[in-house]
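For the sequence shown, the residue numbers in full-length UniProt numbering are 1 to 164. From the three backbone atoms N, C-alpha and C, an ideal C-beta is built for every residue, glycine too.
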Amino acid sequence: MHDSSSSPPLSRTCSAFQQPLSQDRSPKQNTIDGVSHETRTMSSSNYVSTGQARYLRACMVCSIVMTYARFRDEGCPNCEEFLHLQHSQDQIESCTSQVFEGVITLANPAKSWIAKYQRLDNYVPGMYAIKVSGQLPDEIRSTLEDEYRIQYIPRDGTEAENDA
């Protein structure tokens, strides 16, 4: 039997830099502007724990990905003006989808080439789906086009397929 109290403490190293990893993760380590990576990630309003992943939904207009509860409590940060998702279960069910493919995380959409390619460059920073399955109801599409002069382009790839 091995007595662990007599053996020297093991030193863990980071293979990329071959420097000992400190057990103490003080705010001075791994910081940007004095804010640790863990703090920025965990306090981010878009952080979703793995247990909440099954509640994720994507907006069919802008493709932002949030939990059902966030859509209910806050609405869509890009489309609330015309979708009115906040506090409306029916609107959330008809204007968001649980079926989406791929995720892009955008910190600065205005400067991102992928945001421009995905037509996300005028939206708020956040997590966006690459493709969102489903179609907006006809009355919402009409409202978008008639009242807000917004041409709805489905985010499920069908518009691109029709153009080909």
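- The criterion of a C-beta distance shorter than 8 Å is not satisfied by Cys95 and Ile150.
- For Met127, DSSP records a beta bridge to Thr105.
- Under a 10 Å Cβ-count criterion, Val103 is classified as exposed, with fewer than 16 other Cβ atoms of the shown protein chains found around its own Cβ.
- According to the DSSP assignment, Ala58 belongs to the beta strand (DSSP E) that extends over Leu56 to Cys59.
- Going by DSSP, Thr67 is part of the beta strand (DSSP E) stretching over Val65 to Thr67.
- Scanning Leu83, Phe100, Asp156 and Ser88 for the CA closest to the CA of Glu147 turns up Leu83.
- Beyond the five residues adjoining it in sequence on each side, Lys111 comes within less than 8 Å, by CB distance, of no other residue in the same chain.
- In the structure shown, the three-state DSSP call for Ser94 is helix.
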